[in-house]
Amino acid sequence: GGELDSTNIVDPAVSVIATLDFEHTAVLGSSMAEIARNKAGIIKASRPVIAASQPAEALDVICDTAGRLNAPLHIAGKHWQTDGSHAEFTFTRGEVKIELLQSSLIGSHQVDNAGLAIAALIALGEATPSLQTSEEAIRYGLAHTILPARFEQISLPAGQTIVIDGAHTPASTTALGAAV
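Here the working numbering runs 294 ahead of the position in the sequence shown, where the first position is 1.
Written out as structure tokens, the structure reads:
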């Protein structure tokens, strides 16, 4: 979502900004700063923001917006890390360390996305203690996630396998190539 997205009518407990790339440039803008400005439109005053690692130009905009709105900002690689592959990885944030995680989604980018989701769940639990998520639930969710048309493997009757993926940005097509 972003400033122009219909999801922006929701008053979130936590806002999440995934890795930005050049997409929908006719609407979002042709520069990374313009795209980031639109995406940062989901940031709400005094509500935590969880952001994936971003190009410097985008991160500057996200940091400025979060600062102006007094929204605590948690950035991948700075406030938490993921290490490993989808078959086995570790999430670390301060004293929190969750090892031997497995993602049903293939690709190193999916480990980054899993880290983003875990960081968001932790921030949600800190903001709203009644919504704390157990490590067991995190493990189960990661291991059983299904994301149609994202490296979805289809077995054909003749024994061939085809992969369906909706990659539509330069970064997502690069990630798809790496996963293949």
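The beta-carbon is built from N, C-alpha and C at its ideal position, and this holds for glycine as well.
Three-way DSSP call (helix, strand, coil) for residue i in this model
i      : result
Arg341 : coil
Glu318 : It should be noted that the sequence gives His, not Glu, for residue 318. In the structure shown, His318 sits in coil (DSSP, three-state: anything other than H, G, I, E or B).
Ile311 : strand
Thr455 : strand
Glu328 : helix
Ile400 : coil
Glu351 : helix
Ser466 : helix
Ile440 : coil
Ser428 : coil
Glu446 : strand
Val474 : coil
Ala414 : helix
Glu297 : coil
Gly409 : helix
Gly460 : coil
Pro423 : helix
Asp358 : helix
Ala346 : coil
Gly335 : helix
Gly518 : Only positions 295 to 474 of the chain appear in the structure, and residue 518 is not among them; the question remains open.
Option nearest residue i by Cα separation, candidates the options
i      : options                           : result
Asn302 : Met326, Asp315 and Ile337         : Ile337
His368 : Phe445, Asp377, Ser402 and Cys357 : Cys357
Gln426 : Ala472, Leu415 and Tyr434         : Leu415
Asp354 : Ala365, Ala469, Ala330 and Gln454 : Ala330
Ala365 : Trp374, His403 and Ala421         : Ala421
Gln447 : Gly435, Ala473 and Arg362         : Ala473
Asn374 : Ala431, Asp459, Ala417 and Ala327 : The amino acid occupying residue 374 in the given sequence is Trp; Asn does not appear at that position. Among Ala431, Asp459, Ala417 and Ala327, the Cα nearest to that of Trp374 belongs to Ala417.
Ile392 : Gly361, Ile432 and Ile458         : Ile432
Phe385 : Glu429, Met326, Pro451 and Ser325 : Glu429
Ala327 : Val457, Thr359 and Arg341         : Thr359
Arg444 : Ser300, Val457 and Gly435         : Val457
Val390 : Pro451, Ser449 and Ala413         : Ala413
Asn407 : Thr319, Gln348 and Gly296         : Gln348
CB contact flag (residue i, residue j, <8 Å)
i      : j      : result
Thr376 : Gly409 : yes
Ala411 : Ala370 : no
Phe316 : Thr463 : yes
Ser379 : Val405 : yes
Ala352 : Leu322 : no
Asn332 : Leu363 : no
Ala461 : His403 : no
Run through the region 362-395 for me and flag every whole beta strand (DSSP E) of 3 or more residues, listed as ranges in chain order.
Entirely contained in the region 362-395, the beta strand (DSSP E) runs reaching 3 residues are, in chain order, 367-369, 375-379, 382-387 and 390-395.
Check whether the region 431-440 and the region 390-398 touch, using three or more Cβ-Cβ pairs below 8 Å as the test.
Verdict: yes, contact present.
Indicate whether the contact test is met: 3 or more Cβ pairs, each with one atom in the region 335-350 and one in the region 308-325, closer than 8 Å.
Contact between the region 335-350 and the region 308-325 is present: three or more C-beta pairs spanning the two stretches fall below 8 Å.
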